[in-house]
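Q: Supplied in structure tokens, the structure appears directly below.
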Amino acid sequence: MTARAMTVKEAAAKVLSQEELFILDVRNPGDFADWKIEGKHFRHLNIPYFDLLDGVDEIMDRLPAGQEILVVCAKEGSSVMVAEMLSEAGLETAYLKGGMKAWSEHLEPVKVGELSGGGGLYQFVRVGKGCLSYMAVSDGEAAVIDAARMTEVYTDFAESLGARITHVLDTHLHADHISGGRLIAGQSGASYWLPPKDAEEAVFGYEALEDGHNIAVGSTMIGIHALYSPGHTIGSTSFLVDGQYLLSGDLLFIDSIGRPDLAGKAGDWAGDLRESLYKRYKQLPGNLTVLPAHFMTVDELGEDGSVSVKLEELFERNHGLQIEDESEFRRLVTENLPPQPNAYREIRETNQGKLRPDAEKQREMEIGPNRCAVR
Numbered sequence: 001m002t003a004r005a006m007t008v009k010e011a012a013a014k015v016l017s018q019e020e021l022f023i024l025d026v027r028n029p030g031d032f033a034d035w036k037i038e039g040k041h042f043r044h045l046n047i048p049y050f051d052l053l054d055g056v057d058e059i060m061d062r063l064p065a066g067q068e069i070l071v072v073c074a075k076e077g078s079s080v081m082v083a084e085m086l087s088e089a090g091l092e093t094a095y096l097k098g099g100m101k102a103w104s105e106h107l108e109p110v111k112v113g114e115l116s117g118g119g120g121l122y123q124f125v126r127v128g129k130g131c132l133s134y135m136a137v138s139d140g141e142a143a144v145i146d147a148a149r150m151t152e153v154y155t156d157f158a159e160s161l162g163a164r165i166t167h168v169l170d171t172h173l174h175a176d177h178i179s180g181g182r183l184i185a186g187q188s189g190a191s192y193w194l195p196p197k198d199a200e201e202a203v204f205g206y207e208a209l210e211d212g213h214n215i216a217v218g219s220t221m222i223g224i225h226a227l228y229s230p231g232h233t234i235g236s237t238s239f240l241v242d243g244q245y246l247l248s249g250d251l252l253f254i255d256s257i258g259r260p261d262l263a264g265k266a267g268d269w270a271g272d273l274r275e276s277l278y279k280r281y282k283q284l285p286g287n288l289t290v291l292p293a294h295f296m297t298v299d300e301l302g303e304d305g306s307v308s309v310k311l312e313e314l315f316e317r318n319h320g321l322q323i324e325d326e327s328e329f330r331r332l333v334t335e336n337l338p339p340q341p342n343a344y345r346e347i348r349e350t351n352q353g354k355l356r357p358d359a360e361k362q363r364e365m366e367i368g369p370n371r372c373a374v375r
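According to the UniProt record's numbering, the sequence shown is numbered sequentially starting from 1.
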């Protein structure tokens with residue numbers, strides 16, 4: 001019996017289809033506690049690789065018989081060695097090809113709905129990072145929103161649909177991942193749109209995405225309407241797509257709300273955050289489907305693998321939308337915040353065009369979970 005390589009696409013499919021999986025993670029306990037592969041029916045055992053150099057005999061009674069075991073490490077090498085030892089001991093074993101680095105980069109496209117006049121709206125689920133990006137396709141044209149740096153996923157997908165990318169938009173200046181928006185725009189000749197208040201320090205040209213601006217995609221005029229909604233950043237802008245969908249960026253999530261502190265201005269932006277959530281969003285139709293830029297846990301994934309919910313439902317059950325007292329709300333979003341994203345300052349500067357890290361450095365900067373929410 002030989003250990004096989006499991007691709008990140010196969011592992012992601014197990015997450016989205018809510019299958020069972022046993023994972024032996026051989027990274028250090030701190031890395032495992034900070035970030036791991038999660039699924040609704042996944043079980044984990046964390047044993048550092050260095051504890052297994054002399055063999056796997058001591059952990060055999062902690063591993064399931066008759067079920068494939070996926071061994072995971074940071075880059076792949078250590079997991080291959082452990083998986084082979086388990087295979088030699090008679091267990092059905094796989095290792096994650098590319099390790100957690102590859103897991104962090106995988107994107108899975110899911111169709112979330114139809115658009116009037118034809119076309120569709122697609123959500124790209126970055127399962128290992130919790131990031132969500134979008135593509136609206138209509139009449140042979142496409143708009144990409146909040147793209148990750150793995151740009152070929154979007155360009156290849158648009159090509160498979162026979163669509164040309166004409167617009168690329170970011171809801172805000174991202175601090176947890178490097179945007180692929182500018183690169184996609186450069187490759188495709190599309191317009192690259194940014195909220196100007198977030199782009200004051202940008203060292204490249206862009207189209208200013210102002211409040212109330214409408215962007216047409218295709219001759220069917222599905223429309224992307226910009227709604228200025230500061231709070232997560234000073235320029236945060238939501239998009240109303242086709243009168244059906246609210247792309248909320250990092251302002252509102254399924255089970256949480258956006259944090260206002262990633263530019264060091266939590267006190268100043270807490271009021272903006274409340275104004276956007278409790279007034280601007282409150283004025284919107286409750287039947288809008290909210291599509292955020294992140295999800296926090298796999299419990300937020302629907303049966304089809306997408307992340308979405310009606311706005312009226314969030315006003316009923318999202319904790320961050322139930323706080324009537326302004327002082328209590330301010331405390332929630334400025335105190336006891338989760339750790340800030342890995343290398344968030346460098347990521348912001350990269351998205352401003354000030355830094356130009358190579359591909360390997362970009363991977364290192366993004367390693368770990370997203371931490372854009374207040375829960």
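Beta carbons are placed, not taken as given, at the ideal position from N, Cα and C, and that holds for glycine.
With C-beta atoms as the reference, is V72 less than 8 Å away from G30?
A: The answer is no: Cβ separation not under 8 Å.
Q: Is the region 89 to 97 close to the region 116 to 135, with three or more CB pairs under 8 Å?
A: no
Q: Helix, strand or coil: which one does DSSP assign to G249?
A: strand
Q: Can you list the beta strand (DSSP E) stretches of 3 or more residues lying completely in the UniProt domain "Rhodanese" (17 to 112), in chain order?
A: 20 to 25, 41 to 46, 69 to 72, 93 to 96
Q: Between which two residues does the beta strand (DSSP E) harbouring G181 extend?
A: Counting along the chain, G181 falls outside any beta strand (DSSP E), though it belongs to the alpha helix (DSSP H) covering 181 to 188.
Q: Please go through the same chain and pick out, in chain order, the residues whose beta-carbon is closer than 7 Å to the beta-carbon of T350, but skip the five residues on each side of it.
A: The answer, listed in chain order, is I178, P357.
Q: Helix, strand or coil: how does DSSP classify N370 here?
A: coil
Q: Tell me whether E313 is buried or exposed, calling it buried when 16 or more other Cβ atoms sit within 10 Å of its Cβ.
A: exposed
Q: Please state whether DSSP places H232 in a helix, a strand or coil.
A: coil
Q: Applying the criterion that 16 or more other CB atoms from any shown protein chain within 10 Å of the CB defines a buried residue, is K129 buried or exposed?
A: Sixteen is the threshold: when 16 or more other Cβ atoms of the shown chains lie within 10 Å of the Cβ of K129, as they do, the residue is buried.
Q: Using 8 Å as the threshold, is the C-beta distance between Y245 and T289 below it?
A: yes
Q: Three-state secondary structure (DSSP) at H177?
A: coil
Q: Is Q362 buried or exposed, if buried means 16 or more other CB atoms sit within 10 Å of its CB?
A: buried
Q: Just to confirm my understanding: we take H225, look at its own chain, exclude 5 residues before and 5 after, and list those with CB closer than 6 Å. What are they?
A: N214, L240
Q: Assign G55 to one of two classes, buried (16 or more other C-beta atoms within 10 Å of its C-beta) or exposed (fewer than that).
A: exposed
Q: Tell me, please, which residues DSSP counts as bridged to Y281.
A: Answer is none; Y281 lacks a bridge partner.
Q: Check this for me: beta carbons of G180 and M135, under 8 Å apart or not?
A: no
Q: With a threshold of 6 Å on Cβ separation, who are the neighbours of A12 within its own chain once the five nearest residues in sequence on each side are excluded?
A: Scanning its chain for C-beta atoms nearer than 6 Å, with the 5 sequence neighbours on each side dropped, one finds around A12 the residues H106, E108, V127, in chain order.
Q: Classify D146: buried if its beta carbon has 16 or more other beta carbons within 10 angstroms, exposed otherwise.
A: buried
Q: According to DSSP, is K361 part of a helix, a strand, or is it coil?
A: helix
Q: By Cβ distance, which residues of its chain are closer than 6 Å to W35, with the 5 residues on each side in sequence left out?
A: G368, P369
Q: State the Cα-Cα distance for the pair I347 and L86, rounded to the nearest angstrom.
A: Rounded to the nearest angstrom, the two C-alpha atoms are 39 Å apart.
Q: Spatial neighbours of V309 within its chain, please: C-beta separation below 8 Å, excluding the five flanking residues on both sides.
A: I254, T289, V290
Q: Select from G66, A89, K101 the residue whose C-alpha is nearest the C-alpha of G77.
A: K101
Q: Taking three-plus beta-carbon pairs below 8 Å as touching, is the region 270 to 289 in contact with the region 325 to 339?
A: yes
Q: Below 8 Å CB to CB, which residues in the same chain sit around S17 once its five sequence neighbours on both sides are set aside?
A: G305.
Q: Is Q67 buried or exposed, if buried means 16 or more other CB atoms sit within 10 Å of its CB?
A: exposed
Q: Would the beta-carbon of T155 fall within 8 Å of that of S188?
A: yes
Q: Along the chain, where does the alpha helix (DSSP H) that runs through E313 open and close?
A: 311 to 317
Q: When the Cα atoms are used, what is the spatial distance from L161 to G140?
A: 8 Å
Q: Reducing DSSP to helix, strand and coil, say where V15 ends up.
A: helix
Q: With 16 as the cutoff for other CB atoms within 10 Å, does T2 come out buried or exposed?
A: exposed
Q: Should Q352 and A185 be called a contact, given that it needs their Cβ atoms to be closer than 8 Å?
A: Cβ atoms of Q352 and A185: not closer than 8 Å.
Q: Identify the continuous alpha helix (DSSP H) that holds R274 and give its terminal residues.
A: 266 to 275
Q: Taking V125 as the reference, give the member of K354, T297, H232 with the closest Cα.
A: T297
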